[in-house]
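Student: In the working numbering, the protein residues as written are 17 to 439.
No residue lacks a Cβ here, since even glycine has one placed at the ideal position from N, Cα and C.
Owing to the predicted nature of the structure, the values given are computational and were not obtained by experimental measurement.
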Ligand code: SAJ
């Protein structure tokens, strides 16, 4: 089928690059977002998020008239929902943004339209979308009730792209297509053929939902194993980085890297969707979440202990702590759900500790971090610090001369200086 126009609902980290890439293939794209500032920025040809290569592709798409952002839904041939799915305080999935997106597009739906859910969602959400739409539009038929003959097609095709490589992975990754019926799946494939070069694999909507949750839970459990090892090794006086390197020489062992905890808005969230739907069974997945969520407090306690030692041993009153890196992973500017940011904030609450935060990818600190934290250059922070905490292994930190660390307490949460002879 030829798609005359495609509406992407939610112009965030997934929706905006997806809208831009479809538009770059000379298809008319309507980007729908509730935020007027976001819509104005995009219509000005600019991106409100940082992602390699996005600025240029977006500028061209908007200037050539293939991409327009709006705040009110307009008719289109296909609707691609890419809104956030956070969890509530008790870790219960919050699908209210999806529900709002469905209600926003329902009035403009026409027979023959395709609705695709891309947002990571609890099992059963795609079916719910079909049911919600049926309630809003009793004049049409939907696949959960009408099967292959439905007026509207509904599928789940989860996004699986890695922040920092989104534009590349959107094209090259394989695409899991979970239609509510086989016709829903076929039409979804037609849409993704516009820009996907990876393979298409077909399944039902529930398996597609669970597949995405499984991928991120797999990674979370594996990171938890590495983080737990780091705690065990610290207790036993073993260098965890060297241990992992050695163990990984085994042909069937591939341990991930410990760090300050798991950040971002996917891996620390999605396992809870599985836990919520099968709490009795998802014991390991839950324990992994707790291990990873506990790591920032463990790091904070290590720093507090180093500060206490300096006070006792050297009689220092105020201890200066340089926190190297605030982003949720290396070489990006994204501070959302960052354990490094949480560690900085926790340290700044401790009396007689002054935090010098270093984050080469940002211009100013977020308000949430508190007023006691100063954004400082790496060189200055290291020069002034009594304790240096390496939280994020940004490439830029390779410029820090090892001899500038001399005489400082060093807490290397990433193994950045592992194997290097520190003075
Ligand atoms: N991390 C470690 N140790 C490691 C690897 C990662 O501590 O060995 C930490 C990172 O520092 C970061 C967190 O885990 O704080 C998550 O980073 P990540 O690079 O593993 O993943 P994300 O959150 O950027 O993207 C993930 C990807 N999922 C998988 O790799 C299974 C991506 O493909 C998904 O599309 C994305 O989640 C998403 O949107 O769900």
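Using 8 Å as the limit for Cβ to Cβ distance, is residue 230 near chain B?
Tutor: Given the protein chain composition of this structure (a single chain), no chain B is represented.
Student: Rounding to the nearest angstrom, what Cα-Cα distance links residue 227 and residue 367 in this structure?
Tutor: 46 Å
Student: Apart from the five residues just before and just after residue 348, which ones in its own chain have a Cβ nearer than 8 Å to its Cβ?
Tutor: 66, 179, 180, 377
Student: Just confirm the distance between the C-beta atoms of residue 350 and residue 361, as a whole number of angstroms; I'd bet it's less than 8 Å.
Tutor: The Cβ separation is near 17 Å, so there is no contact.
Student: Check the C-beta distance from residue 408 over to residue 341 and give it rounded, since I have them as a contact under 8 Å.
Tutor: The pair is a contact, with the Cβ atoms about 3 Å apart (cut-off 8 Å).
Student: Per DSSP, residue 109 is paired with what?
Tutor: 103
Student: Is residue 178 near the ligand SAJ, judged by its Cβ being under 7 Å from some heavy atom?
Tutor: yes
Student: Out of 370, 103, 47, 314, which has the shortest C-alpha to C-alpha gap to residue 117?
Tutor: 47
Student: How would you call residue 42, buried or exposed, if buried means at least 16 neighbouring beta carbons within 10 angstroms?
Tutor: exposed
Student: What runs of the alpha helix (DSSP H), each 4 residues or longer, lie entirely inside the region 28-74?
Tutor: 31-40, 52-59
Student: Is residue 272 near the ligand SAJ, in the sense that its beta carbon is under 7 Å from a heavy atom of that ligand?
Tutor: Residue 272: yes, Cβ under 7 Å from the ligand SAJ.
Student: Given a cut-off of 8 Å, decide if residue 238 and residue 199 are closer than it, judged by their beta-carbon atoms.
Tutor: no
Student: Between 277, 426, 148, 75, which has its C-alpha nearest residue 336's C-alpha?
Tutor: Closest by C-alpha distance to residue 336, out of 277, 426, 148, 75, is 426.
Student: Which of the three DSSP states, helix, strand or coil, is assigned to residue 318?
Tutor: helix
Student: Can you pull the DSSP bridge partners for residue 84?
Tutor: Note: residue 84 sits in a beta bridge opposite 46.
Student: So, with DSSP's three-state summary, where would you put residue 94?
Tutor: strand
Student: Could you tell me which residues DSSP puts in a beta bridge with residue 195?
Tutor: 171, 220
Student: Expressed to the nearest angstrom, what Euclidean distance is found between the alpha-carbon atoms of residue 371 and residue 401?
Tutor: 9 Å
Student: Cα separation between residue 447 and residue 204?
Tutor: Any property of residue 447 remains undetermined from this structure, which presents the chain solely from 17 to 439.
Student: Give me, in chain order, the residues of the same chain whose beta-carbon lies closer than 8 Å to that of residue 187; leave out the 5 immediate sequence neighbours on both sides.
Tutor: Hits under 8 Å: 37, 211, 212, 213, 214.
Student: Which value, in whole angstroms, describes the spacing of the CA atoms of residue 259 and residue 435?
Tutor: Approximately 12 Å between the Cα atoms of the pair.
Student: Comparing alpha-carbon positions, which option in 225, 113, 159 lies nearest residue 131?
Tutor: 159
Student: Would you tell me roughly how many angstroms separate the C-alpha atoms of residue 311 and residue 80, rounded to the nearest one?
Tutor: 48 Å
Student: Could you check what DSSP says for residue 246 in three-state terms: helix, strand or coil?
Tutor: helix
Student: Residues bridged to residue 282 by DSSP?
Tutor: None, per the DSSP bridge assignment.
Student: Is it true that the CB of residue 182 sits closer than 8 Å to the CB of residue 229?
Tutor: no
Student: What are the start and end residues of the beta strand (DSSP E) that includes residue 21?
Tutor: 21-25
Student: Tell me the DSSP bridge mates of residue 370?
Tutor: 336
Student: Starting from residue 132, follow the beta strand (DSSP E) in both directions and report where the run begins and ends.
Tutor: Counting along the chain, residue 132 sits inside the beta strand (DSSP E) bounded by residues 130-133.
Student: Look at the alpha carbon of residue 225 and the alpha carbon of residue 206, and state the distance between them as a whole number of angstroms.
Tutor: 20 Å
Student: Would you say residue 115 and residue 148 are within 8 Å of each other, going by their C-beta atoms?
Tutor: yes
Student: From what residue to what residue does the alpha helix (DSSP H) around residue 395 run?
Tutor: 394-400
Student: If contacts are defined as beta-carbon pairs under 8 Å, then residue 146 and residue 98 qualify, I think. What distance do you get, rounded to the angstrom?
Tutor: Contact check for residue 146 and residue 98: beta-carbon distance about 18 Å, past the 8 Å limit, so the pair fails to qualify.
Student: What residue does the beta strand (DSSP E) around residue 389 start on, and which one ends it?
Tutor: 389-391
Student: With a threshold of 7 Å (Cβ to nearest heavy atom), would residue 136 be considered close to the ligand SAJ?
Tutor: yes
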